[in-house]
Ligand SMILES: C[S@@+](CC[C@H](N)C(=O)[O-])C[C@H]1O[C@@H](n2cnc3c(N)ncnc32)[C@H](O)[C@@H]1O
């Protein structure tokens with residue numbers, strides 16, 4: 022379900038700058054294989070957030086086929102930054118690595134295969150930006166586990182924060198309840214300046230002050 026009016030969405034997509042053939046091919050592949058990727062509007066938002074925050078080190082939880090990772094990598098590459106991205110689906114990791122290599126970004130993006138809740142405690146780095154886009158039931162734990170790795174002044178960003186609008190209606194499904202818990206957790210976290218941007222399915226943007 023869309024959280025905005027279709028005619029407004031259509032307008033936003035019509036205005037979006039054309040992507041290069043690789044990203045367009047990935048968008049078509051995701052569409053025909055029912056792989057939920059962020060798409061060009063949220064891709065652009067991530068790119069702009071990473072660039073304006075001058076992020077060098079980015080952590081992504083939920084790689085899928087590497088689409089959002091490529092947007093992030095292109096933002097950090099000029100600063101010699103890098104993206105660490107985690108996904109537990111071996112088939113998707115394989116496709117992501119191929120797409121990242123086709124984008125010429127294999128030195129910028131490190132793909133880790135595994136369950137994020139197991140991988141996160143093994144990471145010893147500090148990140149300038151964290152992007153969360155995994156299964157929704159792990160959002161609260163993924164936030165709690167990754168927040169200590171976010172530097173002061175860094176951005177925590179999460180996709181699907183409005184979950185088709187169900188969070189605002191108090192929906193009872195497991196995923197909706199998890200997203201309600203997550204949105205409250207981040208919004209009430211001391212030292213975090215948080216807003217949900219109602220773009221596509223809602224993008225939570227939280228600054229660690
Ligand atoms: C919505 S897709 C990510 C889309 C991607 N960020 C993009 O827009 O291009 C979610 C991905 O998270 C992965 N995932 C879900 N739960 C996970 C977990 N606990 N640990 C690691 N990966 C997970 C799934 O395998 C899936 O590929």
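In our numbering, the protein residues as written are 22 to 230. Using N, Cα and C, we set each Cβ at its ideal position, and we do this for glycine too. None of these values were measured; they are calculated from a predicted model.
At the level of alpha carbons, what is the spacing between residue i and residue j?
i: residue 207; j: residue 227; result: 8 angstroms
i: residue 90; j: residue 41; result: 15 angstroms
i: residue 155; j: residue 215; result: 20 angstroms
i: residue 116; j: residue 193; result: 34 angstroms
i: residue 140; j: residue 107; result: 8 angstroms
i: residue 209; j: residue 191; result: 18 angstroms
i: residue 85; j: residue 50; result: 12 angstroms
i: residue 100; j: residue 70; result: 14 angstroms
i: residue 213; j: residue 161; result: 15 angstroms
i: residue 126; j: residue 144; result: 21 angstroms
i: residue 103; j: residue 129; result: 5 angstroms
Would you say residue i and residue j are within 8 angstroms of each other, going by their C-beta atoms?
i: residue 172; j: residue 147; result: yes
i: residue 54; j: residue 87; result: no
i: residue 182; j: residue 217; result: yes
i: residue 224; j: residue 97; result: no
i: residue 152; j: residue 93; result: yes
i: residue 195; j: residue 158; result: yes
i: residue 178; j: residue 67; result: yes
i: residue 138; j: residue 170; result: no
Label residue i either buried or exposed according to how many other C-beta atoms from any shown protein chain fall within 10 Å of its C-beta, with 16 as the threshold for buried.
i: residue 136; result: exposed
i: residue 23; result: exposed
i: residue 220; result: buried
Do we get a CB-CB distance below 8 angstroms when we pair residue i with the residues of chain D?
i: residue 212; result: The structure shown contains no chain D; it holds only a single protein chain.
Short of 7 angstroms in beta carbon distance, which residues of its chain neighbour residue i, apart from the five on each side in sequence? Order them along the chain.
i: residue 149; result: 74, 76, 77, 78, 79, 172, 175
Ordered along the chain, which non-local residues of its own chain (more than five positions away) have a Cβ less than 6 angstroms from that of residue i?
i: residue 59; result: 89, 180
i: residue 133; result: 107, 140
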